[in-house]
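Protein chains in written order, with the UniProt record's numbering: chain A, 1 to 260; chain B, 1 to 260.
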């Protein structure tokens with residue numbers, strides 16, 4: 001049994017809590033948050049606290065707070081020589097106070113308050129300062145059914161950058177698709193199967209091989225026609241930049257496309 | 001039974017052929033292509049031809065050739081008063097020669113030669129010149145298990161534009177994610193669950209609600225750190241433009257982010 005104290009009440013903390021709850025080999029002995037109210041609804045199921053001085057003993061302390069608060073919170077912990085990890089994609093492991101054994105437990109997934117997650121599908125990137133603590137973090141990942149990946153800080157930060165492209169930026173393209181549909185009273189829902197297939201396809205082939213469409217075909221007529229159709233300057237700039245990027249990737253001559 | 005003649009040998013034609021083959025209410029009476037070789041491997045299963053003069057009679061002629069060739073091919077057809085449709089997202093219906101009954105049968109999906117498609121998930125956008133032909137096209141869509149959507153030319157072209165954003169451009173973001181991973185020897189596969197979840201999430205909530213990440217949080221520190229991490233100028237430009245777009249969508253002050 002791995003005992004855990006959770007610190008923080010955001011999306012990651014909440015999803016971790018739910019995943020731990022389902023696991024038979026993890027026990028959440030306590031949940032800390034600066035403001036009690038955010039986690040008080042869980043008070044029947046787990047010991048909650050807003051005081052660091054009241055923190056119980058556990059095998060792992062998981063700091064799942066905003067990036068800016070991680071370092072300070074790790075220094076404020078009133079104990080030493082225990083295992084303390086953060087869950088951030090971009091904060092360095094060394095930002096954690098070294099009075100404790102430090103590490104990173106980064107679930108590579110997008111967490112929203114309301115969307116349920118199949119946690120066993122989430123890759124967990126783990127990192128430790130002292131090698132002997134690696135097994136504990138790997139076991140914690142496996143205890144919630146996840147595949148642990150041992151990576152370096154640099155790899156994690158690179159992965160987080162790549163994640164911003166494939167997740168946040170992709171979602172913004174969905175948003176733009178939604179906006180464009182709305183201008184002509186088209187239900188965005190019609191695009192759902194296409195969006196799903198686009199995401200599925202790259203599990204069978206590389207994104208390079210999966211590319212299709214006017215930019216990939218260097219179909220200047222269609223590109224010109226589509227640029228004319230675009231109503232927002234912001235969308236036009238994104239269209240031009242990403243079409244040029246596709247052409248570059250596929251070695252197509254990329255003379256600038258102008259809107260008439 | 002709806003009888004069909006297919007014209008063209010690209011990805012759309014091939015996927016349509018396979019979908020029709022599975023249907024009990026559609027019969028492909030002939031498959032035409034300019035060059036016989038591209039479809040000769042199907043010669044045992046269907047009558048193939050490279051001569052327009054040999055075209056057989058059918059309820060619907062489906063022109064699934066490149067956008068630039070649609071108009072000419074429709075004029076070259078040696079008959080009149082039959083139902084002729086194209087499958088393009090962006091070509092106007094009126095580009096088809098009006099000696100025949102014209103329409104559009106646009107499957108809104110991304111088709112690659114090698115990726116298998118669950119055709120019943122594909123929305124089919126239909127359009128007709130004369131109202132009385134609408135039922136036939138809708139029936140054809142239903143015959144392959146698809147949902148038909150009656151839309152106008154303007155709506156179809158808008159939908160095609162939105163599709164370029166959510167499919168081609170999204171796929172290019174996957175490609176960039178892949179490139180970024182490779183620079184640090186990270187397997188792109190680790191991002192697959194995140195990519196799939198990002199696509200799934202917007203079936204439960206709007207892309208607006210689904211947004212997360214540093215730009216959405218207006219987390220300037222992380223954005224700055226990530227811009228430093230980016231090695232390619234092209235990726236930097238895309239990062240800046242899409243981060244700014246997210247901030248604009250979510251009404252965050254958007255002072256330009258500079259790379260140090």
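Even for Gly, the Cβ is constructed at its ideal location relative to N, Cα and C.
- Listed by chain order, chain A residues near residue 204/B by CB distance under 7 Å: Position 204 of the second chain, counted from the first residue, corresponds to residue 204/B. Those within 7 Å of residue 204/B in chain A are 115.
- Item | Run of the alpha helix (DSSP H) containing residue 20/A, from where it starts to where it stops | Taking the first residue of the first chain as position 1, residue 20/A is located at position 20. Where residue 20/A is concerned, the enclosing alpha helix (DSSP H) stretches over 11-22.
- Indicate whether residue 2/B and residue 139/B have their beta-carbon atoms separated by less than 8 Å. Walking along the second chain from the start, residue 2/B turns up at place 2. Walking along the second chain from the start, residue 139/B turns up at place 139. Against a cut-off of 8 Å, the Cβ pair of residue 139/B and residue 2/B comes out as a contact.
- Message: Can you check whether the C-beta of residue 68/A is within less than 8 Å of a C-beta belonging to chain B?
- Response: Counting from one through the first chain, the residue named residue 68/A turns up at place 68. So, interface residue.
- Item | Residue interval of the beta strand (DSSP E) (run including residue 107/A) | To locate residue 107/A, count along the first chain from 1; it is residue 107. Its beta strand (DSSP E) spans residues 101-107.
- Message: With a threshold of 8 Å between beta-carbons, can residue 21/B be considered close to chain A, or not?
- Response: In the second chain, the residue the question calls residue 21/B occupies position 21. Answer no: the Cβ-Cβ gap between residue 21/B and chain A never drops below 8 Å.
- Under 8 Å from the C-beta of residue 195/B: neighbouring residues of chain A: Reading the second chain from its first residue, position 195 is the one you call residue 195/B. Simply 166, 167, 170, 199, 202.
- What is the rounded straight-line gap between the Cα of residue 221/A and the Cα of residue 88/B? If you number the first chain from 1, residue 221/A lands on position 221. If you number the second chain from 1, residue 88/B lands on position 88. Distance between the alpha carbons of residue 221/A and residue 88/B is about 13 Å.
- Message: Using a Cβ distance threshold of 8 Å, determine whether the stretch 141-151 of chain B contacts the stretch 18-33 of chain B, with at least three qualifying pairs required.
- Response: yes
- Message: For the beta strand (DSSP E) containing residue 83/B, name the first residue and the last one.
- Response: Here residue 83/B is taken as the residue at index 83 of the second chain, counted from 1. Run containing residue 83/B: 83-86, per the beta strand (DSSP E) assignment.
- Query: Are three or more beta carbon pairs between the stretch 162-171 of chain A and the stretch 97-105 of chain A nearer than 8 Å?
  - Reply: no
- Message: Starting from residue 75/A, trace the beta strand (DSSP E) in both directions and tell me its first and last residue.
- Response: In the first chain, counting from the first residue as 1, residue 75/A sits at position 75. First-last for residue 75/A: 67-76, but that is the alpha helix (DSSP H), not the beta strand (DSSP E).
- Message: Mapping the DSSP letters down to three states, classify residue 270/B as helix, strand or coil.
- Response: Outside the displayed range of chain B (1 to 260) lies residue 270/B, so it cannot be described from this structure.
- Could you tell me the distance, in whole angstroms, from the CA atom of residue 195/B to the CA atom of residue 122/B? Taking the second chain and counting its residues from 1, the one referred to as residue 195/B is at position 195. Taking the second chain and counting its residues from 1, the one referred to as residue 122/B is at position 122. Taking the straight line joining both Cα atoms gives about 20 Å.
- Task: State the CB to CB distance for the pair residue 229/B and residue 158/A, rounded to an integer number of angstroms; the pair is presumed to be in contact (CB under 8 Å).
- Result: The residue you call residue 229/B lines up with position 229 of the second chain. The residue you call residue 158/A lines up with position 158 of the first chain. With 8 Å as the limit, residue 229/B and residue 158/A qualify as a contact, their Cβ atoms being about 7 Å apart.
- Within 10 angstroms of its Cβ, does residue 78/A collect 16 or more other Cβ (buried), or is it exposed? Taking the first residue of the first chain as 1, we reach residue 78/A at position 78. So residue 78/A ends up on the exposed side.
- Query: In chain B, what lies closer than 9 Å to residue 9/A by C-beta?
  - Reply: Taking the first chain and counting its residues from 1, the one referred to as residue 9/A is at position 9. By Cβ distance, chain B contributes nothing, its closest Cβ being about 16 Å from residue 9/A, past 9 Å.
- Message: Rounding to the nearest angstrom, what Cα-Cα distance links residue 219/A and residue 67/B in this structure?
- Response: Numbered from 1 along the first chain, position 219 holds the residue referred to as residue 219/A. Numbered from 1 along the second chain, position 67 holds the residue referred to as residue 67/B. So the two alpha carbons sit approximately 9 Å from each other.
- Query: chain B partners of residue 183/A, CB-CB under 8 Å?
  - Reply: On the first chain, position 183 is the one that residue 183/A refers to. Going along chain B in sequence order, the residues near residue 183/A (Cβ under 8 Å) are 158.
- Cα-Cα separation, residue 54/B to residue 202/A: Walking along the second chain from the start, residue 54/B turns up at place 54. Walking along the first chain from the start, residue 202/A turns up at place 202. For residue 54/B and residue 202/A, the distance between alpha carbons rounds to 40 Å.
- Query: residue 94/A touches chain B at which residues, Cβ-Cβ below 7 Å?
  - Reply: On the first chain, position 94 is the one that residue 94/A refers to. Going along chain B, no residue has its Cβ under 7 Å from residue 94/A, so there is no contact; the nearest lies around 14 Å.
- Message: Determine, for residue 34/A, whether the minimum Cβ-Cβ distance to residues of chain B falls below 8 Å.
- Response: Within the first chain, numbered from 1, the residue matching residue 34/A stands at position 34. It does not: the Cβ of residue 34/A has no partner Cβ on chain B nearer than 8 Å.
- Message: Am I right that residue 42/A and residue 5/A are in contact with their C-beta atoms under 8 Å? What's the rounded C-beta distance?
- Response: On the first chain, position 42 is the one that residue 42/A refers to. On the first chain, position 5 is the one that residue 5/A refers to. Not really, about 14 Å apart at Cβ, beyond 8 Å.
- At least one CB of chain A closer than 8 Å to the CB of residue 15/B: is that the case? Stepping through the second chain from its first residue, residue 15/B is reached at position 15. Output row for residue 15/B: interface = no.
- Message: I'd like to check one pair, residue 60/A with residue 136/A: are the Cβ atoms closer than 8 Å?
- Response: Your numbering for residue 136/A matches position 136 in the first chain. Your numbering for residue 60/A matches position 60 in the first chain. Result yes, Cβ atoms of residue 136/A and residue 60/A sit closer than 8 Å.
- Looking only at C-alpha atoms, which of 9/A, 76/A, 223/A sits nearest to residue 112/A? Locating residue 112/A in the first chain gives position 112, where the first residue counts as 1. Of 9/A, 76/A, 223/A, the residue nearest in Cα terms is 9/A.
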